[in-house]
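Same order as they appear, the protein sequences are chains A and B.
Counting from 42, one number per residue, gives the positions in the first sequence under my numbering.
Counting from -19, one number per residue, gives the positions in the second sequence under my numbering.
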Amino acid sequence: MPQWKLLDELLMDAEALKELSLMVKLQSDWVKRRASGLFIDPFLVEVKIKLLGKEELASALLAAWRPLIAAEQLTPKRLSEALEYWRVLLPLSQRMKELEAAQFPEEKTLSVSELIKLKFLSERAFNEEVRKLQEELAEASKGGPLDYWKFVIRDTYEETLLRAYALSFIISNGHADLIINPVEETIMIEMSGKQMQKKGGKSVPISINYEKWMAMRNPKDRTEGIKNE
Amino acid sequence: MSEDVTISRKLKKAAQLLLFQHHRLPGAKGWELRKVLGKDYMKIIKLLERRLEELGLEIKIVYEDGLDHQTPTDEDLEQARFYVICKSPLQIGEASLSGWRIDTLAVLAAALAYITSKQGRATRREVEDLLREKFPDWKIDQDLNRFIRRGYLDEDEEGNLYIGWRTRAEIDRKTLVSIIAGSSPQPQQP
């Protein structure tokens, strides 16, 4: 058993040595990078970039720019591959049939973060939309709580959906509160005094579809729409 | 086969490897050159460099770690990528011929200098905020995407921007940052 203890100690020593060598390597890389002349105060560079004109920035780049020379080419091998590809390529009409026969992937719902990642939606544009709506809500709710549907419904279905979606973000972020009256079946909205993220709040689903939007565009029908919720 | 003929054949082969694009990226890796030209490939590269010099070109070696190596090891050279680049920097007139507008050059200069000063990594948001002082949003977005496509910048899934392979090959970042940091802005014309 004493030998086992020795082995454990040796293993621990080896591990410590490995960690130390890793630290020395990282320090060495750090010193190399600093010594390579690429270390400069980011704040200084930022200030200079802000002060310089477009022409001066362009001139700086040109003084440091030596373009790469390369030619794209076709080789006999690639040409023969292309010929073989063309030979086995099916007519378009036949390929279209195969495509139609192929099973389409199942529909799925994309979240805002996924749309942003796919560059379909700009995060900045969406945040700007939320900010504008928040300002509009603050202005409109100065006289007291507002009817949710009156605030959300607009002339186009798309705009209505966008407002409802952006409003849900404002509420989730704690900038606004929903006042739900289950007896009268009304939903009111008011600005919240605090600017904090809500924690442990409950979620309230409010559904909207095209038929409901059509019905609610007419203020007379709005009350009925809410009653039918 | 005489030695002269062998060297001449290897020179042609080296020029083909470096000048014609074989993969996704132009140029060739050190190990590819060694495989085709033999273990003394660096001697052939030096000879080719002398020939290219007459045409105003030179061979640039970009090491895998992105740093300069004064005395590279065989391993460093084998993992490095070799490119042919212009020996002298471009002039403004030449730049306009390559389809780049002054505005675009300025965006690239600012983005590269900023990312370099941040040790080679900055968030896209930070770069956009910096550029927004001088350029409209649509141009910033369009230009940054163009630089990513052309290999001047890299972007990861978390929205961080890095120095791209083409920048490492074409742009002397030390010179760029030194010029920008050491410059004094010209007074604006009334």
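In this text, a Cβ means the ideal position worked out from N, Cα and C, and glycines have one as well.
Cβ shell of residue i (< 8 Å), same chain only, five flanking positions each side left out
i	result
LYS8(B)	The identity of residue 8(B) in the sequence shown is Ala, whereas the question assumes Lys. LEU(-3), LEU(-2), HIS2, ARG61 and PHE62, listed in sequence order.
ALA205(A)	VAL193, ILE247 and ILE249
ALA185(A)	First, the amino acid is wrong: residue 185(A) is Gly here, not Ala. These residues qualify, in order along the chain: GLU231.
LYS239(A)	Caution is warranted here: a pLDDT of 49 is assigned to LYS239(A), below 50, making its placement in the model unreliable, and the coordinate value is therefore given only provisionally. Within the same chain, LYS239(A) has close Cβ partners SER213, ASN214 and GLY215.
LEU28(B)	LEU(-9), ALA(-6), ALA(-5), LEU(-2) and ILE39
VAL245(A)	LEU219 and ILE221
LYS119(B)	ASP83 and VAL87
Reduced DSSP secondary structure (H/G/I, E/B, other) of residue i
i	result
ASN222(A)	strand
LEU35(B)	coil
ASP(-16)(B)	helix
THR201(A)	helix
LEU156(B)	helix
LEU141(B)	strand
LEU5(B)	coil
ILE24(B)	helix
ALA(-5)(B)	helix
GLY18(B)	coil
ILE267(A)	Note that ILE267(A) scores 43 on pLDDT, short of 50, meaning its location in the model is unreliable; the coordinates nonetheless yield the value given after this. ILE267(A) falls in the helix class under three-state DSSP.
VAL193(A)	helix
ILE212(A)	helix
SER154(A)	helix
Neighbourhood of residue i by C-beta, 7 Å cutoff - its chain only, sequence neighbours within 5 removed
i	result
ARG107(A)	none
LYS(-10)(B)	LEU17 and ILE24
TYR198(A)	TYR251 and TRP254
Identity of the residues DSSP links to residue i by a beta bridge
i	result
LEU133(A)	LEU133(A) pairs with nothing; no bridge assigned.
MET232(A)	ALA217(A)
ILE151(B)	TRP106(A)
GLU135(B)	LEU141(B)
PHE167(A)	DSSP output for PHE167(A) lists no bridge partner at all.
ASP188(A)	MET229(A)
PHE0(B)	ALA112(A)
Distance cut-off 8 Å: residue i Cβ against heavy atoms of the ligand MN
i	result
VAL245(A)	Because no ligand of any kind appears in the structure shown, any question about the ligand MN cannot be addressed here.
Cutoff 6 Å; reference residue i; Cβ partners in own chain excluding five residues on either side
i	result
SER182(A)	GLU231 and MET232
Entirely enclosed alpha helix (DSSP H) segments - the segment 49 to 130 of chain A, minimum 4 residues: Qualifying alpha helix (DSSP H) stretches, in chain order: 83 to 92, 95 to 105 and 117 to 129.
Length-filtered (4 minimum) alpha helix (DSSP H) runs lying within the segment 41 to 127 of chain B: Within the segment 41 to 127 of chain B, the runs of alpha helix (DSSP H) at least 4 residues long that lie entirely inside it are, in chain order, 54 to 59, 72 to 77, 82 to 97 and 104 to 111.
Cβ-based contacts, 9 Å cut-off: residues of the segment 89 to 102 of chain A near chain B: So the close ones are LYS89, ILE90, LYS91, LEU92, LEU93, GLY94, LYS95, GLU96, GLU97, LEU98, ALA99, SER100, ALA101 and LEU102.
Residues of the segment -19 to 3 of chain B whose Cβ lies closer than 7 Å to any Cβ of chain A, in chain order: So the close ones are LEU(-1), PHE0 and GLN1.
Residues of the segment 215 to 234 of chain A with Cβ closer than 8 Å to any Cβ of chain B, in chain order: Residues: none.
Residues of the segment 3 to 22 of chain B whose Cβ lies closer than 8 Å to any Cβ of chain A, in chain order: Cβ proximity to chain A below 8 Å picks out PRO6 and GLY7 from the segment 3 to 22 of chain B.
Positions along the segment 108 to 122 of chain A whose CB lies within less than 8 Å of some CB in chain B: Using a CB distance below 8 Å, the part of the segment 108 to 122 of chain A facing chain B consists of PRO108, LEU109, ILE110, ALA111, ALA112, GLU113 and GLN114, ordered along the chain.
Selection of the segment 98 to 115 of chain B by Cβ proximity to chain A, strictly under 9 Å: Shown in chain order are the members of the segment 98 to 115 of chain B whose Cβ falls below 9 Å from a Cβ of chain A: LYS98, GLN99, GLY100, ALA102, ARG105, GLU108, LEU110, LEU111, GLU113, LYS114 and PHE115.
Cβ-based contacts, 8 Å cut-off: residues of the segment 53 to 69 of chain B near chain A: Listed by position, the residues of the segment 53 to 69 of chain B near chain A (Cβ gap below 8 Å) are TYR63, VAL64, ILE65, CYS66, LYS67, SER68 and PRO69.
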